[in-house]
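Top line first, the protein sequences correspond to chains X and F. Residue numbers for the first sequence follow the working numbering, so the first one is 6 and each next one is one higher. Residue numbers for the second sequence follow the working numbering, so the first one is 6 and each next one is one higher. Report on the following structure.
Protein chains: 2
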Amino acid sequence: MNMKKPRLKEILHDYQLRVTPGRCDVLNHFLRSSYALSAKDLENRLPQYDRVTLYRTLHTFLEKGILHLIPHDGGFAYFGLSESIRLQLDNTARASSNTHYPDHIHFTCTTCGRTECLSDYMIPQVTLPQGYQIKDVDLLVKGICQACQV
Amino acid sequence: MNMKKPRLKEILHDYQLRVTPGRCDVLNHFLRSSYALSAKDLENRLPQYDRVTLYRTLHTFLEKGILHLIPHDGGFAYFGLSESIRLQLDNTARASSNTHYPDHIHFTCTTCGRTECLSDYMIPQVTLPQGYQIKDVDLLVKGICQACQV
DNA sequence: CAAATAGTACAAATAAGTTGCATATATCGG
DNA sequence: CCGATATATGCAACTTATTTGTACTATTTG
């Protein structure tokens, strides 16, 4: 995941967003992080920006589909890069921002507290009762991550 | 799911909890509700109790395993009856409070906003990369429930 | 490079959840 | 049934996460 800075501007452009230092810095942190970040995490890492700016940036990125929200029972929100961005980074092929990508697994380590998006491990097929229409599936796994094993 | 009141006391006793009006009322609401409830929901339905009392009751019930926490991306917590309580109600056979029950699917309807525990629909087997140890799995499905279909 | 548009900062409000402490109540033994 | 003890409740106040309003500043586009 070695990222050149110019990519930041490209991505923001692709999503019809103005290129500002704040957005570049926030996006950069997500690109470089192997785990999900909370608003608090960003506040700590980017103290030069106002809390509100960070919150608004996160919302904007959510709306545009750059980030996705990870349900969490800790009382606050975690955010991760959307699958479309990950694909943009892996393949050179550019994916359109409204393509639908399959849901991935969110893994939270009870030791280090970090939440990872396990993109390669897809959610198994889910069966629901007749009459239920599925729009979105989120699989949250809690346990101990590779790095924290004894 | 036709419940006689005496069951409330029985359940609280089984879990080594004092029988108070507040706990009976809270438990009763969970027994009668087909969907998960938030602290706010209880506040609205049981205005005779202090907010703090309701929060503390919820925590006590969580600790004892009467309720379980349902991760939710709305920024606040939802609670549902634990599987062990459901089984106590269905079968006459009494289950011990520390038995482990398999995880079920949580369904949130994007139309009515309600979250149901689909007790009969178990979470399929999950595979993670080598070195990840699984402790707990939660599956959240968003979509349109039976009652809200056109 | 200036006008139009959108982003940011600061202050202040709201909402969810928690803590401390004094009072009230449930339970248990007699 | 009664009183002692442990526990639950209510109230006030606090913390933390997030939102809103508004004035100011920066980015984009021609």
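A virtual CB, placed ideally from N, CA and C, is assigned to each residue, including glycine. Just so it is clear, the structure is predicted and the values come from calculations on it, not from any experiment.
Inset, instruction - With a 10 Å radius around its C-beta and 16 neighbouring C-beta atoms as the bar for buried, classify Arg-23 of chain F as buried or exposed. - result: exposed
Legend entry - Three or more C-beta pairs below 8 Å linking the segment 55-62 of chain X and the segment 110-121 of chain X: no
Inset, instruction - Could you spell out the range, first to last residue, of the alpha helix (DSSP H) harbouring Leu-92 of chain F? - result: 88-95
Inset, instruction - Could you work out which residues of chain X lie near Phe-112 of chain F, taking near to mean beta carbons separated by less than 8 Å? - result: Residues of chain X with a Cβ closer than 8 Å to the Cβ of Phe-112 of chain F are, in chain order, Leu-133, Tyr-137.
Inset, instruction - Measure the alpha-carbon distance for Lys-9 of chain X versus Ile-71 of chain F and round it to whole angstroms. - result: With a pLDDT of only 48 at Lys-9 of chain X, under 50, the local geometry of the prediction cannot be trusted, and no value is derived from it.
Legend entry - Local Cβ density within 10 Å of Asp-55 of chain F, reported as buried at 16 or more and exposed below that: exposed
Inset, instruction - Compute the Euclidean distance between the alpha carbons of Gly-80 of chain X and Gln-138 of chain X, then round it to the nearest angstrom. - result: 28 Å
Legend entry - For Lys-45 of chain X and Tyr-126 of chain F, the rounded distance between their alpha carbons: 36 Å
Legend entry - Within 8 Å, strictly: CB atoms of Ser-124 of chain X and His-109 of chain X: yes
Inset, instruction - Compare the C-beta of Val-115 of chain F with all C-beta atoms of chain X and state if any pair is closer than 8 Å. - result: According to the sequence displayed, residue 115 of chain F carries Thr and not Val. True, the Cβ-Cβ gap to chain X drops below 8 Å.
Legend entry - Same chain only: Cβ atoms within 7 Å of Arg-12 of chain F, ignoring 5 sequence neighbours per side: none
Legend entry - For Glu-15 of chain F and Glu-43 of chain X, the rounded distance between their alpha carbons: Per the sequence shown, residue 43 of chain X should be read as Ser rather than Glu. Spanning the two alpha carbons is a distance of roughly 42 Å.
Legend entry - Enclosing beta strand (DSSP E) for Leu-145 of chain X [first to last residue]: Looking at the DSSP string, the run of the beta strand (DSSP E) that includes Leu-145 of chain X is 138-149.
Inset, instruction - Identify, in the order they occur along the chain, each residue of the same chain with its Cβ nearer than 7 Å to the Cβ of Arg-91 of chain F, setting aside the five sequence neighbours on each side. - result: Ser-124
Inset, instruction - Could you check which residue in F:Tyr-20, F:Gln-21, F:Val-142, F:Leu-51 has the C-alpha nearest to that of Gly-27 of chain F? - result: F:Leu-51
Inset, instruction - Could you work out which residue in X:Pro-76, X:Gln-151, X:Gln-135, X:Asn-33 is closest to Gln-135 of chain F when comparing CA atoms only? - result: X:Gln-151
Legend entry - Same chain, Cβ closer than 6 Å to Phe-157 of chain X, neighbours up to 5 away in sequence not counted: Absent from the model: residue 157 of chain X. The displayed extent of chain X is 6 to 155, so no value can be given.
Inset, instruction - Would you kindly check if the distance between the Cβ of Leu-94 of chain F and the Cβ of Tyr-78 of chain X is under 8 Å? - result: This sequence places Asp at residue 78 of chain X; Tyr is not what is there. No, Cβ-Cβ distance for Asp-78 of chain X and Leu-94 of chain F is not below 8 Å.
Legend entry - Span of the alpha helix (DSSP H) around His-34 of chain F: 26-37
Legend entry - Straight-line Cα distance separating Tyr-40 of chain F from Leu-17 of chain X: 40 Å
Inset, instruction - Could you work out which residues of chain F lie near Asp-78 of chain X, taking near to mean beta carbons separated by less than 9 Å? - result: Per Cβ cutoff of 9 Å: Leu-74, Ile-75, Pro-76, His-77, Ala-82, Asp-143.
Inset, instruction - Assign Val-31 of chain X to one of two classes, buried (16 or more other C-beta atoms within 10 Å of its C-beta) or exposed (fewer than that). - result: Here Val-31 of chain X is buried, its C-beta having at least 16 other C-beta atoms within 10 Å.
Legend entry - Cβ-based burial, Asp-141 of chain F [other Cβ within 10 Å; buried from 16]: exposed
Inset, instruction - Kindly list, in the order they appear in chain F, the residues whose Cβ is closer than 8 Å to that of Ile-90 of chain X. - result: By Cβ distance, chain F contributes nothing, its closest Cβ being about 19 Å from Ile-90 of chain X, past 8 Å.
Legend entry - chain X within 8 Å of Val-146 of chain F, Cβ atoms only: yes
Inset, instruction - Could you work out which residue in X:Leu-133, X:Val-131, X:Leu-144 is closest to Leu-133 of chain F when comparing CA atoms only? - result: X:Leu-144
Legend entry - Where His-77 of chain X falls: helix, strand or coil (DSSP): coil
Inset, instruction - Quick one: residues in its chain with C-beta nearer than 7 Å to the C-beta of Thr-65 of chain F, no 5 flanking neighbours on either side, listed in chain order? - result: Leu-22
Legend entry - Lys-69 of chain F versus F:Tyr-20, F:Leu-47, F:Ala-82, residue with shortest Cα-Cα distance: When only C-alpha atoms are compared, the closest one is F:Tyr-20.
Legend entry - Three-state secondary structure (DSSP) of Thr-62 of chain F: helix
Inset, instruction - Step through the CB atoms of chain F and report whether any lies within less than 8 Å of the CB of Ala-98 of chain X. - result: Here the model assigns Ala-98 of chain X a pLDDT of 45, short of 50, so the residue's position is not dependable and the matter cannot be decided.
Legend entry - Ile-128 of chain X versus Pro-76 of chain X: straight-line alpha-carbon distance, rounded: If you draw a straight line from the Cα of Ile-128 of chain X to the Cα of Pro-76 of chain X, it comes to about 16 Å.
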